[in-house]
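Numbering (the numbering used here), first residue to last: 1445 to 1567. Ideal Cβ positions, reconstructed from N, Cα and C, are used throughout, including at glycine. All values reported here derive from a predicted model rather than from experimental measurement. Structure first, then comments.
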């Protein structure tokens, strides 16, 4: 989905640049400056969004990898802290969530609600 948004934004920018180049003789210097700053601000916001998405993706991949290595993961479910491991939960890659096994099959916890358990706190 992020790639689709990126492509649509890129197409919008190209269309705006083409319109700007075609009608630039009708724009005052002040308007050109405002448009230039707006383009730079938009490019900066796109870059910031990309960085934030990349960080979230890396964090979720780290959580998924920790679960696959059979490390314990702390998750919040209905205001309670639950320890997730491979003995009690399955990971659903399609929904990016943990689903309880037979003893807790009604529990579905999104990956975003979890953190990697601190190894020092369990000792």
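DSSP places residue 1544 inside the beta strand (DSSP E), whose first and last residues are 1541-1544. The beta strand (DSSP E) runs lying completely inside the segment 1489-1548 and spanning 3 residues or more are 1517-1521, 1524-1528, 1533-1536, 1541-1544, given in chain order. With at least 16 other beta carbons inside 10 angstroms of its own, residue 1528 counts as buried. DSSP places residue 1551 in no beta strand (DSSP E); its state is neither H nor E. Considering only 1538, 1531, 1516, the residue with the shortest C-alpha distance to residue 1558 is 1516. Straight-line measurement puts the Cα of residue 1473 at about 20 Å from the Cα of residue 1457.
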